[in-house]
Amino acid sequence: MNTVLSARNLHFAYNGRPVLAGISFDLAVGEFLGLVGPNGAGKSTLLRLLLGILKPGGGEARLRDEPLGALPRAEVARRTAFLPQGAHADFAFTVREVVAMGRTPYLGRFRPEGPEDREAIRRAMEQTETAAMADRLVTELSGGERQRVFLARAFAQTTPLLLLDEPNANLDLLHAFQLVDLVQGHVRRGAAVIAALHDLNLAARVCDRILVLKDGAVAALGPPAQVLTTALLASVFGVKARVGRDEEGHLLVSVLGPALEAPPS
Amino acid sequence: MKLRAWGILAFLGALLVGALLWAAVAGTVSIPLGRTLSIIAHVLRFGPAPDGPTYEEAILLAVRLPRVCLAALAGGGLALAGTVMQGFFRNPMADPGVVGVSAGAALGSVIALYAGWATASVLWLPVAAFAGGLGTAFLVYAIATSHGKTPVSTLLLAGIAVGGMAVSLTSFVLSLALANYEIGRQMMLWLMGGLEGRTWLHVRLVTPLVLGGSVWLCFYVRDLNVLLTGEESALSLGIDVPRTRRTLLVLSTLVTAATVSVAGIVGFVGLVVPHILRLLIGPDHRQLLPASFLGGALFLVLADLFCRTLIESEELRLGVVTSLVGGPFFIYLLIKNRRGVEIL
Chain F
1 MNTVLSARNL HFAYNGRPVL AGISFDLAVG EFLGLVGPNG AGKSTLLRLL
51 LGILKPGGGE ARLRDEPLGA LPRAEVARRT AFLPQGAHAD FAFTVREVVA
101 MGRTPYLGRF RPEGPEDREA IRRAMEQTET AAMADRLVTE LSGGERQRVF
151 LARAFAQTTP LLLLDEPNAN LDLLHAFQLV DLVQGHVRRG AAVIAALHDL
201 NLAARVCDRI LVLKDGAVAA LGPPAQVLTT ALLASVFGVK ARVGRDEEGH
251 LLVSVLGPAL EAPPS
Chain P
1001 MKLRAWGILA FLGALLVGAL LWAAVAGTVS IPLGRTLSII AHVLRFGPAP
1051 DGPTYEEAIL LAVRLPRVCL AALAGGGLAL AGTVMQGFFR NPMADPGVVG
1101 VSAGAALGSV IALYAGWATA SVLWLPVAAF AGGLGTAFLV YAIATSHGKT
1151 PVSTLLLAGI AVGGMAVSLT SFVLSLALAN YEIGRQMMLW LMGGLEGRTW
1201 LHVRLVTPLV LGGSVWLCFY VRDLNVLLTG EESALSLGID VPRTRRTLLV
1251 LSTLVTAATV SVAGIVGFVG LVVPHILRLL IGPDHRQLLP ASFLGGALFL
1301 VLADLFCRTL IESEELRLGV VTSLVGGPFF IYLLIKNRRG VEIL
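Heads up: the sequence lines are chains F and P, in that order.
Per the numbering used here, the first sequence starts with residue 1, numbered consecutively.
Per the numbering used here, the second sequence starts with residue 1001, numbered consecutively.
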């Protein structure tokens, strides 16, 4: 079995308040896992546990059979890349400089970029269609372009696993679509991806499986068509919704209004 | 872009060499360049004993050169520490004194002067200033740290609070000392910054700290670049952020405390030099850190030269000159380049 990541019974509490309880799942090579759930369900916390930025209060995550907690930071960064929600770009680095930062975990304090690093940077810019703006300043880019540059930085990390936290949060429709398209390309090349997503229709369209979080626990985990049901939308999101298919056969979730009965808490 | 940055770096280096020579030549007694060079060459065992009046040799070697060297070291250290602090805090307003180093050093020095230690040995004043600066910085750091975490905003606020208290205590000691004219005068002069009367002893005292600390900080250029893109972003690129932050803070505080201990309070070097250079060569610390050191050294060597040649007494203080030159220039940058100064 080609498991990139496995989470076993992850628990996390913040100031004594439980945020995540008993999260378990496996992620295979070339799999796109969507993380959905209402605000405060623990999506961001789960991503940070999987990155090793937060330490779980119980359970463990394993990267290719090695416990995450035992790996040094740089080693984690050689295995997992991350696209944060709004990466800061209030500094006048060039696009290439930002993408080159993706090689940080491979470079020692004194070792400059080698041919391998330059190749990874070049390929990452090509894959994200950012090569043409290599010399522009990130401060001068639009939000969509900037997000693509930070995606390129994550690609340049050449990790088997990529985590994304609401990559589309502030993007318009076109740029949101382009970004997800680039991530799908990355998945086709064999990477495993976990993305926290707001847009259920988008999640249904691009994800192989969807993990639904509610109050810090897994409410459902499976292929989009099995998971996104009217019953689940009512109980997890508290909305009355219709789940159908569009002309091309994609799952289509239409929210009609608040659920009639209060969701069980 | 990169070529330009390295070009500016080389240009700054050349300017600094020129300024150092000029500062060695010029003064109350002007020593011709050729003679200055031959005296230096002789001391470094490269050349024969120079002829000419020996008092020139004495002035150059015992008075002028240590002062010029200290100006370069202090300016370089302050500007480099300022660049690190601004990157570290991701705040263009941060200067080397932001965690209370300058205020603490001032307190340490007035206490040393008031208690009369400073008359016992010339080393007491810098040592007390250094201890005061470092002590204050660690107090600030301890206040702002809980559960192994040091939030940036808490650190800045603690710096303001403790720094403010140190300034008040300094005023208190100062007013106690005013009864004794000479001691009060010395305190005021120290607080205005200056390099007169410094010896090779002072140079030997601060060189390892300032140069060593600066070189060590230059090992962290890549970490500083990545830290600029945010804490989580840096973590996800494999940087041990808490440990890196601690190292950067300790080193830049050491460098600042060492410079303040010999030069007194010299404002604006750590603020204006990094800003000018960031506009010229961009935010990449690989070029920015060495450029800051060179630029700061250049600025302070020239400012000190200005101090001792324009008025031939102690009336024009180094800290006054740097602020009067740095302040307006900084305002000019703000007005001319409103966006550019915002951007780190």
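All C-beta atoms, glycine included, are put in the ideal place defined by N, C-alpha and C.
Rounded to whole angstroms, the Cβ separation of Ser1038 (chain P) and Gly1027 (chain P) is 18 Å, and the two are not in contact under 8 Å. At a cut-off of 9 Å between beta carbons, Gly34 (chain F) makes no contact with chain P.
In its own chain, leaving out the 5 sequence neighbours on each side, no residue places its CB closer than 6 Å to the CB of Val1122 (chain P). Close to Glu116 (chain F), with beta-carbon spacing below 9 Å, lies no residue of chain P; the smallest spacing is near 17 Å.
Note that the C-beta distance between Leu1237 (chain P) and Ala77 (chain F) is below 9 Å. When DSSP reads this structure, Gly58 (chain F) sits in a beta bridge with F:His11. For the region 156-185 of chain F, no residue has a beta-carbon sitting nearer than 7 Å to a beta-carbon of chain P.
Any Cβ of chain F closer than 9 Å to the Cβ of Phe1089 (chain P) would place that residue at the interface, and such an atom is absent. When C-beta distances to chain P are compared with 8 Å, the residues of the region 91-106 of chain F below that value are Phe91, Ala92, Phe93, Thr94, Glu97, Val98, Met101, Gly102, Thr104, Pro105, in chain order. When DSSP reads this structure, Thr80 (chain F) sits in a beta bridge with F:Leu161. Using a Cβ distance threshold of 9 Å, Leu1134 (chain P) and Ala1144 (chain P) do not count as a contacting pair. For Arg109 (chain F), the three-state secondary structure derived from DSSP is coil. In the DSSP assignment, the residues bridged to Val212 (chain F) are F:Val36, F:Ala220. About 5 Å separates the beta carbons of Val4 (chain F) and Pro160 (chain F), which is inside the 8 Å limit, making them a contact pair.
Taking all protein chains in view, the Cβ of Thr1256 (chain P) is crowded by 16 or more other Cβ atoms within 10 Å, so the residue is classified as buried. Within the same chain, Gly1108, Ser1109, Ile1111, Ala1112, Trp1117 come within 7 Å of Ala1128 (chain P) by CB-CB distance, once the 5 residues on both sides are set aside. Boundaries of the alpha helix (DSSP H) harbouring Lys1336 (chain P): 1318-1336, taken from the DSSP string. Distance between Phe32 (chain F) and Ala169 (chain F), taken at the CA atoms: about 18 Å. Contacts between Arg1246 (chain P) and chain F, judged by CB atoms closer than 7 Å, are missing: the closest CB pair is about 15 Å apart. Using a Cβ distance threshold of 9 Å, Gly30 (chain F) and Arg188 (chain F) count as a contacting pair. In the DSSP annotation of this structure, Pro18 (chain F) is not part of any alpha helix (DSSP H); the continuous beta strand (DSSP E) holding it starts and ends at 17-28.
For a cut-off of 8 Å, the C-beta gap from Ala81 (chain F) to Arg103 (chain F) is around 11 Å, too long to register as a contact. At the C-beta level, Leu1195 (chain P) and Ala1105 (chain P) stay beyond 9 Å of one another. If only uninterrupted alpha helix (DSSP H) runs of at least 4 residues are considered, those enclosed by the region 130-207 of chain F are 143-156, 173-188, 200-206. With respect to the 9 Å criterion, Ile194 (chain F) and Leu151 (chain F) are not classified as neighbours on the basis of their beta carbons. Under the three-state reduction of DSSP output, Ser6 (chain F) falls in the strand class. In the DSSP assignment, Leu251 (chain F) forms a beta bridge with F:Arg245. For the alpha helix (DSSP H) assignment, the uninterrupted runs of no fewer than 4 residues enclosed by the region 1268-1314 of chain P are, from N- to C-terminal side, 1269-1281, 1285-1310.
The beta carbon of Val1250 (chain P) sits no closer than 9 Å to any beta carbon of chain F. For Gln1287 (chain P), the closest alpha carbon among the candidates P:Cys1307, P:Phe1219, P:Leu1324 is that of P:Phe1219. In this structure, DSSP gives Pro258 (chain F) an extended state, which the three-state scheme calls strand. Assignment of Thr1170 (chain P) by DSSP, reduced to helix, strand and coil, places it in the helix class. For the alpha helix (DSSP H) assignment, the region 1088-1112 of chain P encloses no uninterrupted run of at least 4 residues. For the C-beta of Val1226 (chain P), the chain F residues within less than 9 Å are, from N- to C-terminus, Met101, Thr104.
When only Cα atoms are considered, Asp1304 (chain P) and Val1068 (chain P) end up about 8 Å apart. Contact between the region 1293-1302 of chain P and the region 1004-1014 of chain P is present, with at least three C-beta pairs closer than 8 Å.
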